[in-house]
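For reference, the structure discussed in these notes is given below.
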Ligand SMILES: [Zn+2]
């Protein structure tokens with residue numbers, strides 16, 4: 218290669234790199250606490266957004282382990298998406314304080330709470346965080362409700378339109394396109410649900426009341442003593458006894474919890490043990506929100522039929 222073509226080649230590379238950096242810099246930088254919100258935001262925002270999630274999907278969504286990079290990401294971002302209902306209470310307020318980004322503080326338009334308009338299930342009669350209560354305003358795991366995606370997409374879209382009214386048409390078209398895909402998936406899954414009606418289950422954490430209400434499952438308790446509180450030996454013994462009496466044949470383990478106790482409980486009760494992701498990315502099959510809904514419903518149906 219002669220020096221001139223090498224130089225022009227390098228020049229072309231530099232121009233391409235500059236163009237890419239320029240394009241990325243022009244995008245709205247969005248940070249989502251969990252991958253479900255990131256996935257749906259990419260669908261709604263399309264080419265206008267550059268979205269990253271703090272969680273990978275394998276963590277406990279109440280206590281996502283902090284990384285130093287979270288602070289700089291939040292410091293630089295334009296929009297924050299969070300689940301609300303105080304689900305992120307253990308880590309998000311501290312992160313926001315450290316990030317010193319006035320635009321994305323709670324209550325500001327660029328801090329979008331995707332739970333707006335939710336009819337919460339399981340609102341506690343009283344709140345006592347000293348007991349380790351992590352569901353102070355009711356159950357926050359509405360992302361697992363197949364209809365939760367609609368609430369998230371609508372809230373995302375409304376929030377982005379308020380912040381960037383010049384792009385409203387793009388966001389609304391993105392939202393409408395995504396909801397059409399969600400509707401098609403729900404219609405497909407809706408045909409499979411008959412075997413789930415009345416099936417009793419226990420899970421490790423109380424992740425599934427919205428999903429259960431939607432598909433006809435019945436919760437028979439949790440392995441945790443209360444949301445966020447590890448079980449005692451007595452609690453496990455009582456749970457096993459109750460499962461035997463009530464004929465509970467399904468144990469759901471969430472990926473962030475060890476398999477040991479759920480496996481023991483399933484063995485002692487003759488129940489089937491399955492693992493369901495509680496966020497996008499929780500299992501390799503759940504690459505998108507629609508994939509997660511699909512995986513969860515099909516895994517439940519298979520377990521109920523065997
Ligand atoms: Zn929870």
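Residue numbers (our numbering): 218 to 523.
Yeah, the Cβ is synthetic: ideal placement off N, Cα and C, and Gly gets one too.
Note that the structure is a prediction, hence the values are computed from the model and not measured.
Environment of residue i [buried if 16+ CB atoms lie within 10 Å]
i	result
residue 270	buried
residue 372	buried
residue 425	buried
residue 343	exposed
residue 418	buried
residue 319	exposed
residue 293	exposed
residue 238	At residue 238 the pLDDT is 49, less than 50, meaning the model places this residue with poor confidence; the figure from the coordinates comes in the next sentence. Label assigned to residue 238: exposed.
residue 464	exposed
residue 243	exposed
residue 393	exposed
residue 323	exposed
residue 362	buried
Sequence-distant residues of the same chain with beta carbon closer than 7 Å to residue i, five excluded per side
i	result
residue 308	280, 281 and 283
residue 276	282 and 473
residue 442	448, 449 and 452
residue 367	396 and 399
residue 429	435 and 436
residue 522	412
residue 479	421, 440, 468, 470 and 490
Residue i vs residue j beta-carbon contact at 7 Å
i	j	result
residue 278	residue 251	yes
residue 339	residue 356	yes
residue 485	residue 453	no
residue 491	residue 516	yes
residue 446	residue 434	no
residue 353	residue 303	yes
residue 291	residue 255	no
residue 380	residue 306	no
residue 298	residue 329	yes
residue 440	residue 427	no
residue 261	residue 376	no
residue 265	residue 245	yes
residue 331	residue 300	yes
residue 406	residue 514	yes
residue 576	residue 466	Residue numbering for the chain in the displayed model covers 218 to 523; residue 576 lies beyond these limits and cannot be assessed.
Helix, strand or coil at residue i [DSSP, three-state]
i	result
residue 308	coil
residue 480	helix
residue 410	coil
residue 355	strand
residue 438	strand
residue 507	helix
residue 425	coil
residue 474	coil
residue 446	strand
residue 267	strand
residue 280	coil
residue 317	coil
residue 297	strand
residue 249	strand
Contacting residues, own chain, Cβ-Cβ under 6 Å from residue i (five flanking each side not counted)
i	result
residue 432	410 and 413
residue 503	494, 497, 509 and 512
residue 287	271 and 312
residue 333	372
Chain-order list of residues whose beta-carbon lies under 8 Å from that of residue i (same chain, five-residue window excluded)
i	result
residue 257	366, 369, 370, 373, 395 and 506
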